[in-house]
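Trainee: Its first residue numbered 1, the sequence shown is counted upward by one per residue in UniProt numbering.
Okay, here's the structure, questions in a sec.
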Amino acid sequence: MRVLVSGGAGYIGSHTVVQLVAAGHEVVVVDSFANAKPSVVGRVEALTGQRLDVRSFDLTDHDKTEHLFAHDSIDAVIHFAGFKAVGESVAKPLEYYENNLGSTFSLVRAMRRHGVSRLVFSSSATVYGANAPVPMHEDLPTSATNPYGWTKVMQEQVLRDVAAADPTWRIALLRYFNPVGAHPSGTIGEDPSDIPNNLMPYLAQVAVGRRESLSVFGGDYPTPDGTGIRDYIHVEDLAAGHIAALNRLEAVSDPVSTWNLGTGHGTSVLELVAAFERACGHALPYRIVDRRPGDVAASYADPTRAHAELGWRATRTVDDMCADTWRWQSANPHGYPDA
Ligand code: WQD
């Protein structure tokens with residue numbers, strides 16, 4: 001199929017593009033490069049062995065979005081593009097609502113006008129809100145504790161209502177748990193533009209000497225070692241889940257399907273630190289500090305629906321995640337080059 005990948009130069013987007021091309025799909029990437037560097041494109045092309053069709057514009061620009069669909073024959077869309085920093089969303093709520101909702105409105109309007117009705121949407125386990133029981137199942141109610149999370153809750157609702165108005169749509173809502181890791185080549189990976197908010201990239205930067213030490217946010221949670229538990233999923237497994245969902249949309253009868261993409265296993269902060277020490281071969285300095293506001297004690301998936309309906313399962317271990325992250329970070333201590 002000819003697949004438009006919004007945010008295809010981003011972390012999860014770029015890894016998914018590599019797998020889409022390997023699976024024989026034609027890919028068109030749309031990226032504003034607000035959260036990605038152009039040098040990613042060359043890295044992806046080196047991995048796929050072919051030129052990548054990249055259109056550099058912001059999806060909230062509806063004229064440009066409409067023009068693309070009017071002059072190209074897109075079969076399906078994977079929609080990654082969006083702002084995703086929880087803390088930043090609290091400081092800049094309007095920008096988050098305008099960008100994340102606006103890009104989806106613009107994209108779906110152009111899709112509807114041009115008869116493109118296959119959509120895989122990048123959602124997040126953040127839609128389970130603050131007090132969800134674990135393991136989290138797709139039928140749990142959704143809510144949020146920050147504007148970023150609300151944009152995901154609202155985008156899911158917009159897509160459900162679009163499909164209810166026209167049941168010819170086939171939409172996959174993919175709820176990611178904690179994406180980590182990098183392509184095993186070590187040439188593409190996670191490259192936060194500023195101080196990393198998330199644990200794995202911060203840990204990787206400590207390991208490579210860019211950061212002094214890790215602050216462990218809370219050592220008094222009701223968990224075995226007192227630190228937060230999360231369902232870390234390798235970005236390669238996550239990418240494979242998108243391919244499986246895209247294929248599944250050809251066969252499902254429901255206009256909207258919701259699938260958790262997680263391993264179903266929880267790993268604590270200190271367990272991840274230990275795993276990363278095994279990967280990098282040296283001790284990583286950390287100190288336990290106060291809890292981060294808004295964090296929950298434990299979050300991990302019930303992935304049984306994705307196993308049963310997508311024929312997909314996460315296969316990579318936490319040690320794989322750390323080894324691949326370390327290979328990427330040690331080969332690219334400062335991330336992607338600017339040019
Ligand atoms: C993981 C664990 C922290 C950093 C976030 C978003 C979520 C999704 C994934 C987009 C927690 C601890 C972290 C650090 C630490 N993003 N930690 N020191 O918060 O589970 O999820 O990213 O969809 O929406 O909320 O991920 O990596 O920030 O935290 O101790 O420097 O690591 O307390 O227990 P989180 P995270």
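Note that CB positions come from ideal geometry on N, CA and C, so glycine has one too.
State buried or exposed for Val235, treating a residue as buried only when at least 16 other CB atoms are found within 10 Å of its CB.
Mentor: In the sequence shown, the residue the question calls residue 235 occupies position 235. Counting Cβ neighbours within 10 Å, Val235 comes out buried, since at least 16 surround it.
Trainee: Following the continuous beta strand (DSSP E) through Thr317, name the residue where it begins and the one where it ends.
Mentor: As a working note, residue 317 is residue 317 in the sequence shown. No beta strand (DSSP E) holds Thr317; DSSP gives it neither H nor E.
Trainee: Determine contact between the segment 323 to 335 and the segment 202 to 212, defined as no fewer than three beta-carbon pairs at a distance below 8 Å.
Mentor: yes
Trainee: Out of curiosity, what's the CA-to-CA distance linking Ser73 and Asn197?
Mentor: Taking the first residue of the sequence shown as position 1, residue 73 is located at position 73. Taking the first residue of the sequence shown as position 1, residue 197 is located at position 197. Whole-angstrom Cα-Cα distance: 38 Å.
Trainee: Does DSSP classify Tyr232 as helix, strand or coil?
Mentor: Your numbering for residue 232 matches position 232 in the sequence shown. The answer is strand: DSSP assigns Tyr232 an E or B state.
Trainee: Just list the residues that DSSP pairs Tyr128 with in beta bridges.
Mentor: Working through the sequence shown from its first residue, we reach residue 128 at position 128. BP columns for Tyr128 point to Ser143.
Trainee: Quick one: is Pro293 buried, meaning 16 or more other Cβ sit within 10 Å of its Cβ, or exposed?
Mentor: In the sequence shown, residue 293 corresponds to position 293, counting from 1. Exposed, since its Cβ has fewer than 16 Cβ neighbours within 10 Å.
Trainee: What are the boundary residues of the alpha helix (DSSP H) that Leu270 is part of?
Mentor: In the sequence shown, the residue the question calls residue 270 occupies position 270. Annotation: the continuous alpha helix (DSSP H) that includes Leu270 extends over Val269 to Cys280.
Trainee: Considering only heavy atoms of the ligand WQD, does any lie closer than 6 Å to the CB of Lys92?
Mentor: Translated into the one-based positions of the sequence shown, residue 92 becomes position 92. No, Cβ of Lys92 sits at least 6 Å from all heavy atoms of the ligand WQD.
Trainee: Can you give me the start and stop residues for the alpha helix (DSSP H) that Ala91 sits inside?
Mentor: Numbered from 1 along the sequence shown, position 91 holds the residue referred to as residue 91. Its alpha helix (DSSP H) spans residues Val86 to Ala91.
Trainee: I'd like to check one pair, Ala110 with Thr65: are the Cβ atoms closer than 7 Å?
Mentor: By one-based count along the sequence shown, residue 65 stands at place 65. By one-based count along the sequence shown, residue 110 stands at place 110. Yes, the Cβ-Cβ distance between Thr65 and Ala110 is below 7 Å.
Trainee: Could you pull the start and end residues of the alpha helix (DSSP H) that Ile12 belongs to?
Mentor: Here residue 12 is taken as the residue at index 12 of the sequence shown, counted from 1. Segment Tyr11 to Ala22, the alpha helix (DSSP H) holding Ile12.
Trainee: Is it buried or exposed for residue 344, if we count other Cβ within 10 angstroms and need 16 for buried?
Mentor: The shown model of the chain, from 1 to 339, leaves out residue 344, and the question about it has no answer.
Trainee: Between Phe217, Gly8 and His114, which lies nearest to Ala81 when the distance is taken from Cα to Cα?
Mentor: Start at 1 with the first residue of the sequence shown, and residue 81 comes out as number 81. Among Phe217, Gly8 and His114, the Cα nearest to that of Ala81 belongs to Gly8.
Trainee: Note the first and the last residue of the continuous beta strand (DSSP E) segment covering Asp286.
Mentor: Here residue 286 corresponds to residue number 286 of the sequence shown, with the count starting at 1. According to the sequence as given, residue 286 is Tyr; it is not Asp. Under the DSSP assignment, Tyr286 falls in the beta strand (DSSP E) whose first and last residues are Tyr286 to Val289.
Trainee: How would you label Arg287, buried or exposed, when you count the other beta carbons within 10 angstroms and need 16 or more for buried?
Mentor: Your numbering for residue 287 matches position 287 in the sequence shown. By the neighbour-count rule (16 or more Cβ atoms within 10 Å), Arg287 is not buried but exposed.
Trainee: Reducing DSSP to helix, strand and coil, say where Glu26 ends up.
Mentor: Residue mapping note: residue 26 aligns to position 26 of the sequence shown, counting from 1. In the structure shown, Glu26 sits in a strand (DSSP, three-state: E or B).
Trainee: Between which two residues does the alpha helix (DSSP H) containing Phe105 stretch?
Mentor: For the purposes of this step, residue 105 is taken as the residue at position 105 of the sequence shown. First-last of the alpha helix (DSSP H) with Phe105: Gly102 to Arg113.
Trainee: Use the C-beta contact count for Ile78: other C-beta atoms within 10 angstroms, 16 or more gives buried, fewer gives exposed.
Mentor: By one-based count along the sequence shown, residue 78 stands at place 78. Burial call: buried.
Trainee: Compute the minimum distance between the beta carbon of Phe217 and the heavy atoms of the ligand WQD, and state whether it is under 6 Å.
Mentor: Along the sequence shown, read from residue 1 onward, the residue named residue 217 stands at position 217. Flag set: Cβ of Phe217 near the ligand WQD.
Trainee: According to DSSP, is His67 part of a helix, a strand, or is it coil?
Mentor: Taking the first residue of the sequence shown as 1, we reach residue 67 at position 67. In the structure shown, His67 sits in a helix (DSSP, three-state: H, G or I).
Trainee: Should Asp191 go down as buried or exposed, given a rule of 16 or more other Cβ atoms within 10 Å for buried?
Mentor: What you label residue 191 is simply residue 191 of the sequence shown in a count that begins at 1. Counting the other Cβ atoms within 10 Å of the Cβ of Asp191 gives 16 or more, which makes it buried.
Trainee: Could you check where the beta strand (DSSP E) with Leu214 kicks off and where it finishes?
Mentor: The count along the sequence shown starts at 1 and reaches residue 214 at position 214. In this chain, the beta strand (DSSP E) harbouring Leu214 covers Leu214 to Phe217.
Trainee: Which same chain residues end up closer than 6 Å to Cys280 when comparing Cβ atoms and leaving out the 5 residues on each side of it in sequence?
Mentor: For the purposes of this step, residue 280 is taken as residue 280 along the sequence shown, with counting starting at 1. If we look at Cys280 and ignore the five residues flanking it on each side, its Cβ neighbours are Ala207 and Trp326.
Trainee: Below 6 Å, is the gap between the Cβ of Thr48 and the nearest heavy atom of the ligand WQD?
Mentor: Numbered from 1 along the sequence shown, position 48 holds the residue referred to as residue 48. No, the Cβ of Thr48 stays beyond 6 Å of every heavy atom of the ligand WQD.
Trainee: Shortest alpha-carbon distance to Ser39 belongs to which of Glu26, Val27 and Val54?
Mentor: Along the sequence shown, one-based indexing puts residue 39 at 39. Answer by Cα proximity: Val54.
Trainee: Drop a sphere of 10 angstroms on the beta-carbon of Val289, count the other beta-carbons inside from all chains shown, and report buried for 16 or more, exposed for fewer.
Mentor: For the purposes of this step, residue 289 is identified with residue 289 of the sequence shown, where counting begins at 1. Under this definition Val289 is an exposed residue.
Trainee: Report the three-state DSSP secondary structure of Thr223 (helix, strand or coil).
Mentor: Here residue 223 refers to the residue found at position 223 when the sequence shown is read from its first residue. It is coil, neither helix nor strand.
Trainee: Please tell me whether, using a cut-off of 6 Å, the distance from the CB of Tyr202 to the nearest non-hydrogen atom of the ligand WQD is below it.
Mentor: Reading the sequence shown from its first residue, position 202 is the one you call residue 202. Under cutoff, so the answer is yes.
Trainee: Closer than 6 Å: is that where the CB of Leu199 sits relative to any heavy atom of the ligand WQD?
Mentor: Translated into the one-based positions of the sequence shown, residue 199 becomes position 199. The answer is yes for Leu199.
Trainee: Going by the beta-carbon positions, is the gap between Thr142 and Gly102 smaller than 7 Å?
Mentor: Numbered from its first residue, the sequence shown carries residue 142 at position 142. Numbered from its first residue, the sequence shown carries residue 102 at position 102. Their beta carbons are not under 7 Å apart, which means Thr142 does not touch Gly102 by this criterion.
Trainee: State the CB to CB distance for the pair Thr227 and Val269, rounded to an integer number of angstroms; the pair is presumed to be in contact (CB under 8 Å).
Mentor: Numbered from 1 along the sequence shown, position 227 holds the residue referred to as residue 227. Numbered from 1 along the sequence shown, position 269 holds the residue referred to as residue 269. Between Val269 and Thr227 the Cβ distance is about 4 Å, and since that is below 8 Å, they are a contact.
Trainee: Please report the straight-line C-alpha distance between residue 390 and Pro147, rounded to a whole angstrom.
Mentor: Past the edges of the chain, shown from 1 to 339, lies residue 390, and the structure says nothing about it.
Trainee: What does the Cβ neighbour count give for Thr267, buried or exposed, with the cut at 16 atoms within 10 Å?
Mentor: Sequence index remark: in the sequence shown, residue 267 carries index 267 (1-based). It is buried - the Cβ of Thr267 has at least 16 other Cβ atoms within 10 Å.
Trainee: Per DSSP, Pro179 is paired with what?
Mentor: The residue labelled residue 179 in the question sits at position 179 within the sequence shown. Its beta-bridge partners are Ile233.
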